[in-house]
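K.L.:
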Amino acid sequence: MNGKDELRELWCTQAYAGVTEREELMKLIEKKTKRFDRIIPVRNFLECAGATVVAVMYGVSAAHTHDGIARASFIVIAASAVWIMYFLLRFGHGPGDADPSQDLSAYRRGLVERYDRQIRLLKSVKYWYLLPPYIGLLIGTVGVLLDHTRSGGVRWQDSILPAIYTAFFAFVWWLNEIEGVARLEAERARLLSLADEKNGPE
Amino acid sequence: MRLPVRKRKSMSTEAMAPHGQPRVEDATRHDTFLRLIGQYEAALRRLAAGYVVHAADREDLFQEIAVGLWRAIPGYRGEASERTWLYRIAHNIAISSSARLHRRERSEGPIAETVDQVPANADAEQEAVRNEQRRRLAEVIRTLPAVDRQMILLHLEGLSYAEIEQISGLSQSAVATRLSRVRERLKEKVQARGMEQR
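If you're matching them up, the sequences are chains U and B in order. One rule links them: number in this note's numbering = place in the first sequence (from 1) + 254. One rule links them: number in this note's numbering = place in the second sequence (from 1) + 218.
Printed below as a string of structure tokens:
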């Protein structure tokens, strides 16, 4: 081994698995690009469709009920759905991609900022996504309990529904703020360690 | 040969394109992309070998780089040469993607590295040593920090210090110092392995 040219020769003469057909590669690129471009719009569309259904359903229920507490509960839930739609359309488009044509440190900064923004969004899910409808459901539950108190007493079965929706909300919170954030933080740490400029070779 | 530099175009260029046919810009992008892949495919595949071990991961990485290039072509403004622009994109995507591919390697357990084919007319024993040296070279390169890895891969592909400076953002003197250190390490490791084989 007599220097850089031999290293270069060694590197450049390595064989690799077959060449991809050009047209096949173009189809693949098109497919991957379309799939990537659709992920966030499709997710937002589904969320907004769900929120619209909830808003209409509870809005209609609020208009028809004569019970004050139930009406307040339905209005809060319907308003929460509208608020979630607004939030998703306003902030849910996701951060722009880091530009890979920058130099390494600028690109790394862009990626880290992207991770930080996603982490912040997931950590705030409890405020903009979970808390408003949960408050609406709690108001509704209080209404039911008051009603039952007036008509003979609260039964243990009255706690089943609040337990179920509380468990569901807790699961969604865990999925976002614990599981999701942990995954993103691990990826972020891995990115930083890969791009660590301080550690040289042993 | 250089990429077509993006120019301001009137809205009518897009609006007047016949339905179902590629726009002029799309056709240029398509041709440019195919030309770049034709010209740099071997280098990009070698680059992938400098980041991931498994042949399937290399293929995935190559495809991700190809997607990155496809998406980046319309934004090219001619501020850097085509070669430095392309290698910047390729290395940046390789660094960010290899984090995910690395996790897959770990979850699947250790995987035997792809063995290069031996040319039919080569001396088998000598070629086996060369293959082992190539494998060792790629292995040592993959253990380097990203900046050193990027520099040595660019250097092995024949890029000048000035080009490496444009890609990595480090000064030419820093590039020279780091490269000299990394090169020595690579030579030692690869040579030691070659001696073991003899």
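Built from N, CA and C at the ideal position, the CB exists for glycine as well.
Residues of chain B with CB under 9 Å from PRO465(U), in chain order?
P.N.:
Past the boundaries of the shown model lies residue 465(U); chain U is included only from 255 to 456, so the question cannot be answered.
K.L.:
Determine the chain B residues that contact GLN372(U) at a beta-carbon separation under 8 Å, and present them in chain order.
P.N.:
Working through the first sequence from its first residue, we reach residue 372(U) at position 118. Within 8 Å Cβ-Cβ: nothing; GLN372(U) doesn't reach chain B, min ~14 Å.
K.L.:
Beta-carbon separation of VAL396(U) and ASP412(U) under 8 Å?
P.N.:
Here residue 396(U) is taken as the residue at index 142 of the first sequence, counted from 1. Here residue 412(U) is taken as the residue at index 158 of the first sequence, counted from 1. In this structure, ASP412(U) does not lie closer than 8 Å to VAL396(U) by Cβ.
K.L.:
Give me the Cα-Cα distance between ILE291(B) and GLN257(B), rounded to the nearest whole angstrom.
P.N.:
Within the second sequence, the letter at position 73 stands for residue 291(B). Within the second sequence, the letter at position 39 stands for residue 257(B). Each residue's Cα considered, the two are about 15 Å apart.
K.L.:
Residues in the same chain with beta-carbon distance under 7 Å from LYS377(U), minus the five sequence neighbours each way, listed in chain order, please.
P.N.:
Looking up residue 377(U) in the first sequence gives position 123. Contacts found: GLU431 and VAL435.
K.L.:
I believe ALA312(B) touches ILE283(B) by the beta-carbon criterion, under 8 Å. Please report the beta-carbon distance rounded to the nearest angstrom.
P.N.:
Position 94 of the second sequence, counting from 1, holds the residue named residue 312(B). Position 65 of the second sequence, counting from 1, holds the residue named residue 283(B). Contact holds; Cβ gap of about 7 Å.
K.L.:
By a C-beta neighbour count over all protein chains shown, 10 Å radius and 16 as the cutoff for buried, is ASP259(U) buried or exposed?
P.N.:
On the first sequence, position 5 is the one that residue 259(U) refers to. Looking at its Cβ environment, which holds fewer than 16 other Cβ atoms inside 10 Å, ASP259(U) is exposed.
K.L.:
Strictly below 9 Å CB to CB, what residues from chain U border GLY293(B)?
P.N.:
Counted from its first residue, the second sequence places residue 293(B) at position 75. Within chain U, the residues near GLY293(B) are ASP353 and SER355.
K.L.:
Where does the unbroken alpha helix (DSSP H) through TYR361(U) begin, and where does it stop?
P.N.:
On the first sequence, position 107 is the one that residue 361(U) refers to. Note, TYR361(U): alpha helix (DSSP H), 358-377.
K.L.:
Helix, strand or coil for PRO354(U), going by three-state DSSP, please let me know.
P.N.:
Mapped onto the first sequence, residue 354(U) falls at position 100. PRO354(U): coil per DSSP, three-state reduction.
K.L.:
Assign THR361(B) to one of three DSSP states: helix, strand, or coil.
P.N.:
Residue numbering aside, residue 361(B) sits at position 143 when the second sequence is read from its first letter. In this structure, THR361(B) counts as helix in the three-state DSSP scheme.
K.L.:
Hey, out of SER316(B), VAL347(B), TYR379(B) and GLU345(B), whose CA is closest to SER476(U)'s CA?
P.N.:
No answer is possible for residue 476(U): it lies beyond the span of chain U, which begins at 255 and ends at 456.
K.L.:
Give a yes or no on whether the C-beta atoms belonging to LEU355(B) and LEU264(U) are separated by under 8 Å.
P.N.:
The count along the second sequence starts at 1 and reaches residue 355(B) at position 137. The count along the first sequence starts at 1 and reaches residue 264(U) at position 10. Result yes, Cβ atoms of LEU355(B) and LEU264(U) sit closer than 8 Å.
K.L.:
Apart from the five residues on each side of it in sequence, which residues of its chain come closer than 8 Å, Cβ to Cβ, to ARG289(U)?
P.N.:
Residue 289(U) sits at position 35 when you count from the first residue of the first sequence. None.
K.L.:
Quick one: measure Cβ to Cβ for ALA332(U) and GLY313(U), integer angstroms, because I've assumed they're closer than 8 Å.
P.N.:
The residue labelled residue 332(U) in the question sits at position 78 within the first sequence. The residue labelled residue 313(U) in the question sits at position 59 within the first sequence. Confirmed, about 4 Å.
K.L.:
Quick check for students: name the residue ranges of the beta strand (DSSP E) that lie wholly in the stretch 389-440 of chain U, counting only runs of 3 or more.
P.N.:
With a minimum length of 3 residues, no continuous beta strand (DSSP E) run stays inside the stretch 389-440 of chain U.
K.L.:
Tell me the rounded alpha-carbon separation between VAL307(U) and HIS402(U).
P.N.:
Numbered from its first residue, the first sequence carries residue 307(U) at position 53. Numbered from its first residue, the first sequence carries residue 402(U) at position 148. Taking the straight line from one Cα to the other gives about 29 Å.
K.L.:
LEU388(B) by DSSP, collapsed to three states: which one?
P.N.:
As a first step, residue 388(B) is located in the second sequence; it is residue number 170 there, counting from the start. Coil at LEU388(B), not helix or strand.
K.L.:
For my contact list, LEU254(B) and LEU279(B) are in at a C-beta cut-off of 8 Å; report their separation, rounded to the angstrom.
P.N.:
By one-based count along the second sequence, residue 254(B) stands at place 36. By one-based count along the second sequence, residue 279(B) stands at place 61. No, LEU254(B) and LEU279(B) are not in contact; Cβ-Cβ is about 16 Å, not under 8 Å.
K.L.:
Consider the Cβ of GLN351(B): report whether some Cβ of chain U lies at a distance smaller than 8 Å.
P.N.:
In the second sequence, residue 351(B) corresponds to position 133, counting from 1. Answer yes: the Cβ-Cβ gap between GLN351(B) and chain U drops below 8 Å somewhere.
K.L.:
Cα separation between PRO455(U) and TYR269(B)?
P.N.:
For this step, residue 455(U) is matched to residue 201 along the first sequence. For this step, residue 269(B) is matched to residue 51 along the second sequence. Its pLDDT being 37, under 50, PRO455(U) is placed unreliably by the model, and the measurement read from it follows with that caveat. PRO455(U) and TYR269(B): Cα-Cα distance of roughly 15 Å.
K.L.:
Please report the residue range of the alpha helix (DSSP H) in which VAL457(U) lies.
P.N.:
Only positions 255 to 456 of chain U appear in this structure, which leaves residue 457(U) out of reach.
K.L.:
May I ask you to report which of helix, strand or coil DSSP gives HIS373(B)?
P.N.:
Start at 1 with the first residue of the second sequence, and residue 373(B) comes out as number 155. Three-state result, HIS373(B): helix.
K.L.:
What alpha helix (DSSP H) runs, 4 residues minimum, are completely inside the stretch 243-306 of chain B?
P.N.:
Runs found: 273-290.
K.L.:
Taking a cut of 9 Å between CB atoms, which residues from the stretch 383-405 of chain B lie near chain U?
P.N.:
Listed by position, the residues of the stretch 383-405 of chain B near chain U (Cβ gap below 9 Å) are GLN384, ILE385, SER386, GLY387, LEU388, ARG396, LEU397, ARG399, VAL400, ARG401, ARG403, LEU404 and LYS405.
K.L.:
Are the CB atoms of LEU397(B) and HIS373(B) nearer to each other than 8 Å?
P.N.:
Numbered from 1 along the second sequence, position 179 holds the residue referred to as residue 397(B). Numbered from 1 along the second sequence, position 155 holds the residue referred to as residue 373(B). Yes, Cβ-Cβ distance for LEU397(B) and HIS373(B) is below 8 Å.
K.L.:
Under 6 Å Cβ to Cβ from ALA324(U), same chain only, skipping five residues before and after it: list those, please.
P.N.:
Within the first sequence, the letter at position 70 stands for residue 324(U). Hits under 6 Å: GLY397.
K.L.:
Here's the rule: buried if 16 or more other CB atoms are within 10 angstroms of the residue's CB, otherwise exposed. What is GLN344(B)?
P.N.:
As a first step, residue 344(B) must be located in the second sequence, where it is residue number 126. Exposed is the call here.
K.L.:
Measuring straight from C-alpha to C-alpha, what distance separates LEU438(U) and GLY322(U)?
P.N.:
Numbered from 1 along the first sequence, position 184 holds the residue referred to as residue 438(U). Numbered from 1 along the first sequence, position 68 holds the residue referred to as residue 322(U). Their backbone Cα atoms lie some 44 Å apart in a straight line.
K.L.:
Taking only beta-carbon atoms, is VAL285(B) less than 8 Å away from chain U?
P.N.:
Residue mapping note: residue 285(B) aligns to position 67 of the second sequence, counting from 1. By this cut-off, VAL285(B) is an interface position.
K.L.:
I believe PRO386(U) touches TRP427(U) by the beta-carbon criterion, under 8 Å. Please report the beta-carbon distance rounded to the nearest angstrom.
P.N.:
In the first sequence, counting from the first residue as 1, residue 386(U) sits at position 132. In the first sequence, counting from the first residue as 1, residue 427(U) sits at position 173. Rounded, the Cβ-Cβ distance is 14 Å, inconsistent with contact.
K.L.:
Which whole-angstrom value describes the C-beta separation of ALA274(B) and GLN268(U), a residue pair presumed to lie in contact below a C-beta threshold of 8 Å?
P.N.:
In the second sequence, counting from the first residue as 1, residue 274(B) sits at position 56. In the first sequence, counting from the first residue as 1, residue 268(U) sits at position 14. That pair is no contact at about 17 Å.
K.L.:
Could you check whether ALA364(B) and LEU476(U) sit closer than 8 Å to each other, using their CB atoms as the reference points?
P.N.:
Since the displayed chain U opens at 255 and closes at 456, residue 476(U) lies outside it and no answer follows.
K.L.:
When burial is assigned at 16 or more other CB atoms within 10 Å of the CB, is SER389(B) buried or exposed?
P.N.:
Walking along the second sequence from the start, residue 389(B) turns up at place 171. SER389(B) should be labelled exposed.
K.L.:
Give me, in chain order, the residues of the same chain whose beta-carbon lies closer than 8 Å to that of PRO354(U); leave out the 5 immediate sequence neighbours on both sides.
P.N.:
Residue numbering aside, residue 354(U) sits at position 100 when the first sequence is read from its first letter. Here the set comprises TYR361.
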